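Undergrad: Heads up, the sequence shown stops at 223 in full-length UniProt numbering, and the numbers go up one at a time, no gaps.
Built from N, CA and C at the ideal position, the CB exists for glycine as well.
Computed from a prediction, not measured in an experiment: that's the story for all the values here.
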Amino acid sequence: MGIIIKDLTKKYGDQLALNKVSFSIDQGEVVGLLGPNGAGKSTLMKSITNAINPDSGEILVNNSSVRENPIETKKQIGFLQENNPLYMEMFVKEYLQFVMNIHGLKKERVEEVIKMVGLTPERHKKIHQLSKGYKQRVGLAQSILSNPEILILDEPTNGLDPNQILEIRDLIREISKDKTIILSTHIMQEVEALCSRVILLNKGEIVADQPIEEFKGQYKSLE
Ligand code: ADP
Ligand code: ADP
Numbered sequence: 001m002g003i004i005i006k007d008l009t010k011k012y013g014d015q016l017a018l019n020k021v022s023f024s025i026d027q028g029e030v031v032g033l034l035g036p037n038g039a040g041k042s043t044l045m046k047s048i049t050n051a052i053n054p055d056s057g058e059i060l061v062n063n064s065s066v067r068e069n070p071i072e073t074k075k076q077i078g079f080l081q082e083n084n085p086l087y088m089e090m091f092v093k094e095y096l097q098f099v100m101n102i103h104g105l106k107k108e109r110v111e112e113v114i115k116m117v118g119l120t121p122e123r124h125k126k127i128h129q130l131s132k133g134y135k136q137r138v139g140l141a142q143s144i145l146s147n148p149e150i151l152i153l154d155e156p157t158n159g160l161d162p163n164q165i166l167e168i169r170d171l172i173r174e175i176s177k178d179k180t181i182i183l184s185t186h187i188m189q190e191v192e193a194l195c196s197r198v199i200l201l202n203k204g205e206i207v208a209d210q211p212i213e214e215f216k217g218q219y220k221s222l223e
């Protein structure tokens, strides 16, 4: 169970975005994918969710190949994209019900998830009326609707103010209790706050893959 990635390579034209990336993540791990802009984080996450086709290599989600079983593997993954697009004119609850219908899942789950992410007082508001922090709660709600085992969060606190960042981190901590999580960020503090392990990516290659405590020690000595 979990995620296994073997020799994943992706080029956009001449631009190498991922160069033979390999790692595995056990069920229940919360892993921070850290790296500067252009490191290949998005390309890696989009490969796992099958939004793009890597050139070579293999991705196994719960022992099933993403390339061979795209529908089955995608069902097991919740994905919060960076700048997650939302239907701003819809009401919060209406939007989540709409997403629910696409998944073909039970309606009761919407209420449950609204409660879980603290959107109960906002559920009858239009999404565009919400603050950025609350819009991100809608995004998080959407990503866990199908109760996926694996959650992939791309820069989940980007663009939020300091209070909203703390709130969203609390929420992620809450949600992550029974899930395998990959969280991408370019901010070290975010990894420290949420993750037990860090994979540092630079120019399409893994330059570190360590428990967070070990990584912190080395990072401090670099400063
Ligand atoms: P990150 O998410 O870490 O910022 P990306 O995966 O977005 O990194 O990008 C990795 C590299 O691939 C960068 O050099 C980026 O410019 C390039 N890249 C990403 N997407 C495309 C694309 N659709 N076309 C061309 N180059 C791309
Ligand atoms: P991120 O770092 O989160 O990937 P970017 O701003 O790098 O955000 O990319 C936004 C979108 O543009 C992504 O879909 C990415 O694949 C695409 N993209 C990134 N770099 C390039 C590039 N050099 N040429 C074309 N598309 C790109």
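Reducing DSSP to helix, strand and coil, say where Glu72 ends up.
TA: Taking the first residue of the sequence shown as position 1, residue 72 is located at position 72. Three-state DSSP puts Glu72 in a helix.
Undergrad: What is the DSSP secondary structure of Asn19, reduced to helix, strand or coil?
TA: Position 19 of the sequence shown, counting from 1, holds the residue named residue 19. Asn19 falls in the strand class under three-state DSSP.
Undergrad: Using a 10 Å radius around the Cβ and a threshold of 16 neighbouring Cβ atoms, would you call Ile71 buried or exposed?
TA: Taking the first residue of the sequence shown as position 1, residue 71 is located at position 71. When all chains shown are included, Ile71 counts as exposed.
Undergrad: Could you check the C-alpha separation between Thr185 and Leu96 for me, to the nearest Å?
TA: Mapped onto the sequence shown, residue 185 falls at position 185. Mapped onto the sequence shown, residue 96 falls at position 96. Roughly 26 Å separates the two Cα atoms.
Undergrad: Is there contact between the stretch 106 to 123 and the stretch 137 to 154, where contact requires at least three CB pairs shorter than 8 Å?
TA: Yes, the stretch 106 to 123 touches the stretch 137 to 154.
Undergrad: Would you list the residues whose beta-carbon is nearer than 5 Å to any heavy atom of ligand 1, in the order they occur in the chain?
TA: Qualifying residues come out as Tyr12, Gln15, Ala17, Asn37, Gly38, Ala39, Gly40, Lys41, Ser42 and Thr43.
Undergrad: Apart from the five residues on each side of it in sequence, which residues of its chain come closer than 6 Å, Cβ to Cβ, to Gly204?
TA: Within the sequence shown, the letter at position 204 stands for residue 204. Once the five neighbours on either side are set aside, the close Cβ partners of Gly204 are Leu16, Ala17, Leu18, Asn19 and Gly40.
Undergrad: Give the C-beta separation of Gln136 and Pro156 to the nearest angstrom, bearing in mind that I take them to be a contact with Cβ-Cβ under 8 Å.
TA: The sequence position of residue 136 within the sequence shown is 136, counting from 1. The sequence position of residue 156 within the sequence shown is 156, counting from 1. With 8 Å as the limit, Gln136 and Pro156 qualify as a contact, their Cβ atoms being about 7 Å apart.
Undergrad: Can Val92 and Met100 be called in contact, C-beta distance under 8 Å?
TA: The count along the sequence shown starts at 1 and reaches residue 92 at position 92. The count along the sequence shown starts at 1 and reaches residue 100 at position 100. No; because the gap between Cβ atoms is not below 8 Å, this pair is not in contact.
Undergrad: Determine the burial state of Tyr12: buried for a count of at least 16 other Cβ atoms within 10 Å of its Cβ, exposed for fewer.
TA: For the purposes of this step, residue 12 is taken as residue 12 along the sequence shown, with counting starting at 1. That one is exposed.
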